[in-house]
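Novice: Here it is, the structure, as structure tokens.
Numbering (the working numbering), first residue to last: 16 to 232.
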């Protein structure tokens, strides 16, 4: 059976105020509220909260019950998961876009990167020896986003050496795991990559207005 994945994203013209964030946090389950409180910077807390609003919206849009956020727990490596739902999700943000992928019956990792200039020194920390150190900047960011997405599928991103990952054909093998990578056309100023263990996944993207997210929560 063909697996499916819904991808929701929102563009941020102005982040929710600290007061509004605090008010909405009180409506989150205790564990999520505790995790949000760990962000000391207001912007980081607001971005993380907005990601959860996207997740909540997506779950409702896909027909899951409204209290599904109560089912979220965290693994030993800090990756969130649903305790009693056969569904996976992953959230990423960069500059003014927050994106959330929701996939029933399969693991998913997603990463979005705003296109900025990357120095040769910085790229040496994630480019494989077989990858061209002189590739254009957009290509470097695409490589980076691919590797981030791969690392987020199983939550092993911090433990993976990106300089050892080489996937020119959008497929990567690691031990018994296989990762298939797709690029999503979200915005001309951004690169977005999504990864699965499954080769064929039906991916649908939907943009959601931030004001709508706040109003419906």
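Cβ coordinates follow ideal geometry from the N, Cα and C atoms, glycine included. Quick caveat: nothing in here was measured; it's all calculated off a predicted structure.
Residue 140 and residue 1 - do their beta-carbons sit closer together than 8 Å?
Specialist: With the chain covering 16 to 232 only, the question about residue 1 has no answer from this structure.
Novice: Identify every residue that forms a DSSP beta bridge with residue 194.
Specialist: DSSP output for residue 194 lists 187 as bridge partner(s).
Novice: Tell me whether the stretch 79-89 and the stretch 31-51 touch, counting them as touching only if at least three CB pairs, one residue from each stretch, are closer than 8 Å.
Specialist: Touching, yes.
Novice: Flag this pair as yes or no: are the beta carbons of residue 161 and residue 196 separated by less than 8 Å?
Specialist: Taking 8 Å as the Cβ cut-off, residue 161 and residue 196 qualify as a contacting pair.
Novice: Comparing the C-beta of residue 42 with each C-beta of chain C, is any distance below 8 Å?
Specialist: Within the model displayed, chain C is absent; a lone protein chain is all it includes.
Novice: Using only the alpha-carbon positions, how far apart do residue 206 and residue 34 sit?
Specialist: For residue 206 and residue 34, the distance between alpha carbons rounds to 32 Å.
Novice: By the DSSP assignment, the alpha helix (DSSP H) with residue 227 in it spans what residues?
Specialist: Note, residue 227: alpha helix (DSSP H), 225-231.
Novice: Rounded to whole angstroms, what's the CA-CA distance from residue 229 to residue 190? Just pull it up for me.
Specialist: Those two C-alpha atoms are separated by around 42 Å.
Novice: Using alpha carbons as the reference points, say which of 226, 225, 16 and 232 lies closest to residue 120.
Specialist: That would be 16, whose Cα lies nearest to the Cα of residue 120.
Novice: Tell me which residue opens and which closes the beta strand (DSSP E) that residue 152 is part of.
Specialist: Run containing residue 152: none in the beta strand (DSSP E); it sits in the alpha helix (DSSP H), 152-168.
Novice: Less than 8 Å between the C-beta atoms of residue 143 and residue 193, yes or no?
Specialist: Contact: no.
Novice: Between residue 235 and residue 170, is the Cβ-Cβ spacing less than 8 Å?
Specialist: No information on residue 235 is available, as it lies outside the stretch 16 to 232 that the chain covers here.
Novice: Quick one: grab the DSSP three-state call for residue 203.
Specialist: Here residue 203 sits in coil by DSSP.
Novice: Buried or exposed for residue 145, please, with buried defined as at least 16 other CB atoms from any protein chain shown within 10 angstroms of its CB.
Specialist: Its Cβ having fewer than 16 others within 10 Å, residue 145 is exposed.
Novice: Would you mind sorting residue 210 into buried or exposed? The rule is 16 or more other CB atoms within 10 Å of its CB.
Specialist: The residue in question, residue 210, is buried, as its Cβ has 16 or more Cβ neighbours within 10 Å.
Novice: In its own chain, which residues sit with a C-beta less than 7 Å from the C-beta of residue 111, not counting the 5 before and 5 after it?
Specialist: Contacts found: 26 and 27.
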